[in-house]
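What follows is the structure, given as structure tokens:
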């Protein structure tokens, strides 16, 4: 895309724009979901009138996302959600194309906050935002706490990451959330692809670029065995490392064990590990006692989200000295005479020391983001919902945390199949009736994959689901043992389904398997 440079922007070097444009064009060929979304909705310009403030890693792949949003009619301002993740040529290309972007690699914390503030006042004609696209929750938190008046005309927020989603649920629980929000992270085509397959490739890329270390034969410790941890453990194992996993969740721990990994505690793993990777999205995973127990020149890095997973402050305060080897690689001398090598200052190693996930897997994630923004902006547009049935019944979204309907999740997957030479089979009408599905899908229930944390279980909603009466009637008719009383199954009033604590039986890959329709065969 071409256009006049933005009137408001701050990037490292605008002369890098031509290089950035070449890489953007290359990435477009690997991002079929975004390009197909442009083609499908271009005629209707569904985001015309939208003013989107975006805070997400300013990479080449994000540039394709930004230009998809503007192609569909949106006005966009942008900042990066991480001080080290910006690719300066990508930021330059976007600024040169006319988008106000405030991002450069190596920002200070003060500069990072300044960038967030600047993007809020960079829309044309001094207008304010009416949509937020966030990664990690910093922009959402800033606007809610400091500029709540900006949310009066805001259609909502779409959030990219596990960490940001946790913050949304916490805000909702505390009565602090002021707008509808879409949890993009828990779309299957995000969490099971970006988090798992993306990290499986980009983690090793970051470690290798930073250290040139041979991974084969090393003992690697992966903290957390969620989707990100699974991808990291798989990657390190495939390179020949002996992988130890630490976990607090017994289900994840059992998954790690039956996947062939030794599950232990960090206290026991610290003296053994030569490479440490935190993937949890939680704080204080690696702390002082662990650093003191590590072998000499143990490599420590994070691919969860914020830098609080690794207690970097303790390292800086207690190390005898620190030597910067090269950008994002610091070697700390401990009082016991051993060294600890910290990558990317405890921030995301795949973006701080490398270029992040591949374009294809980010196409999956970012197509979800575009659809989420359209869903928020068009939630009350009946004509649009009628023309594009994948958006379902249009209705005003109340304040809450929603997940994208599975019909949109499955559309994201479908848009990427041709690129990997995959062909779909088609259900016959008889097969569809047997399974209790429509021939064209969706093929999974909106609560799939059915594993949620307590905040999600209490608050998760989808734009449209079965009514309470229909759900309870189908359970009673089926005679299936659900693992909970009918009275404990609750639905969000006015058609939105809410999964609550206690509904242990409501899990599985197929809605009919969980709650068979009248006359269908009960599962064994």
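Residue numbers (our numbering): 619 to 1142.
All residues carry an ideal CB built from backbone N, CA and C; glycine is no exception.
Because the structure is a prediction, the values reported are computed rather than measured.
- In this structure, what does DSSP give as the bridge partners for residue 956? To locate residue 956, count along the chain shown from 1; it is residue 338. Residue 956 is not bridged by DSSP to any residue.
- Item | Through-space distance from residue 697 to residue 990, alpha-carbon basis | Walking along the chain shown from the start, residue 990 turns up at place 372. Walking along the chain shown from the start, residue 697 turns up at place 79. Roughly 19 Å separates the two Cα atoms.
- Run through the region 785 to 861 for me and flag every whole beta strand (DSSP E) of 3 or more residues, listed as ranges in chain order. Within the region 785 to 861, the complete beta strand (DSSP E) runs of at least 3 residues are 799 to 801, 837 to 841.
- Hey, could you find the ends of the alpha helix (DSSP H) residue 968 is sitting in? Numbered from 1 along the chain shown, position 350 holds the residue referred to as residue 968. 967 to 970 is the extent of the alpha helix (DSSP H) around residue 968.
- Message: Suppose you measure from the CA of residue 675 to the CA of residue 1028; what does that come to, to the nearest Å?
- Response: For the purposes of this step, residue 675 is taken as the residue at position 57 of the chain shown. For the purposes of this step, residue 1028 is taken as the residue at position 410 of the chain shown. Rounded to the nearest angstrom, the two C-alpha atoms are 25 Å apart.
- Query: What is the C-beta distance between residue 781 and residue 899, in whole angstroms, given that I count them as a contact (C-beta under 8 Å)?
  - Reply: Your numbering for residue 781 matches position 163 in the chain shown. Your numbering for residue 899 matches position 281 in the chain shown. Contact flag correct, Cβ pair sits at about 5 Å.
- Message: Let's test the definition: count the other Cβ atoms within 10 Å of the Cβ of residue 842 and tell me whether it reaches 16, buried, or not, exposed.
- Response: Taking the chain shown and counting its residues from 1, one reaches residue 842 at position 224. A residue is called buried when at least 16 other Cβ atoms come within 10 angstroms of its Cβ; residue 842 meets this threshold and is buried.
- Message: Considering just the uninterrupted stretch of the beta strand (DSSP E) at residue 632, what are its terminal residues?
- Response: As a position in the chain shown, residue 632 is number 14, starting the count at 1. From DSSP, residue 632 is part of no beta strand (DSSP E); its letter is neither H nor E.
- Rounded straight-line distance, which links the Cα of residue 763 to that of residue 820: Walking along the chain shown from the start, residue 820 turns up at place 202. Walking along the chain shown from the start, residue 763 turns up at place 145. When rounded, the distance between both Cα atoms is 34 Å.
- Do the region 830 to 845 and the region 876 to 896 meet, that is, are 3 or more Cβ pairs less than 8 Å apart? The answer is yes - the region 876 to 896 touches the region 830 to 845, with three or more Cβ pairs under 8 Å.
- Message: Can you list, in chain order, the residues of its chain with a C-beta nearer than 6 Å to that of residue 1058? Leave out the 5 residues immediately preceding and following it.
- Response: Numbered from 1 along the chain shown, position 440 holds the residue referred to as residue 1058. A distance below 6 Å between beta-carbons, with the five flanking residues on each side excluded, links residue 1058 to no residue of its chain.
- Message: With a threshold of 6 Å on Cβ separation, who are the neighbours of residue 940 within its own chain once the five nearest residues in sequence on each side are excluded?
- Response: Numbered from 1 along the chain shown, position 322 holds the residue referred to as residue 940. Correct list, in chain order: 948, 950.
- Message: Quick check on residue 1020: does DSSP put it in helix, strand or coil?
- Response: For this step, residue 1020 is matched to residue 402 along the chain shown. Looking at residue 1020 - three-state DSSP - the assignment turns out to be strand.
- Item | Presumed contact (8 Å Cβ cut-off) between residue 1060 and residue 1025, rounded CB distance | Working through the chain shown from its first residue, we reach residue 1060 at position 442. Working through the chain shown from its first residue, we reach residue 1025 at position 407. Confirmed, about 4 Å.
- Query: Considering only C-alpha positions, which residue in the set 912, 1064, 1000 is nearest to residue 1148?
  - Reply: One cannot answer for residue 1148 here, as it falls past the ends of the chain, which runs 619 to 1142.
- Query: On the premise that residue 960 lies in contact with residue 988, defined as a C-beta separation below 8 Å, what is that separation, rounded to the nearest angstrom?
  - Reply: As a working mapping, residue 988 is identified with position 370 in the chain shown. As a working mapping, residue 960 is identified with position 342 in the chain shown. Not really, about 36 Å apart at Cβ, beyond 8 Å.
- Closest residue to residue 918 among 936, 926, 895, 906 (Cα-Cα distance): In the chain shown, the residue the question calls residue 918 occupies position 300. Ranking the options by Cα distance to residue 918, first place goes to 895.
- Task: Pick helix, strand or coil for residue 646, following the three-state DSSP scheme.
- Result: Within the chain shown, numbered from 1, the residue matching residue 646 stands at position 28. Under the three-state reduction of DSSP output, residue 646 falls in the helix class.
- Message: As a quick exercise: from 816, 681, 693, 755, pick the residue whose alpha carbon is nearest that of residue 968.
- Response: As a working note, residue 968 is residue 350 in the chain shown. Nearest of 816, 681, 693, 755 to residue 968, Cα basis: 816.
- Query: Around the C-beta of residue 770, are 16 or more other C-beta atoms found within 10 angstroms, so that it is buried, or is it exposed?
  - Reply: If you number the chain shown from 1, residue 770 lands on position 152. Classification for residue 770: exposed.
- Message: Under DSSP, the alpha helix (DSSP H) around residue 982 begins and ends at which residues?
- Response: Counted from its first residue, the chain shown places residue 982 at position 364. For residue 982, the enclosing alpha helix (DSSP H) has its first and last residue at 977 to 995.
- Given that a residue counts as buried once 16 or more other Cβ atoms are within 10 Å of its Cβ, and exposed if not, what is residue 953? Looking up residue 953 in the chain shown gives position 335. Counting Cβ neighbours within 10 Å, residue 953 comes out exposed, since fewer than 16 surround it.
- Item | Three-state secondary structure (DSSP) of residue 732 | Position 114 of the chain shown, counted from the start, is the residue given in the question as residue 732. Of the three classes helix, strand and coil, the one that applies to residue 732 here is helix, per DSSP.
- Item | residue 1115, DSSP secondary structure in three states | Taking the chain shown and counting its residues from 1, one reaches residue 1115 at position 497. For residue 1115, the pLDDT reaches just 35, beneath the cut-off of 50, and the residue's location in the model is therefore unreliable, although a value from the coordinates is still provided. In the structure shown, residue 1115 sits in a strand (DSSP, three-state: E or B).
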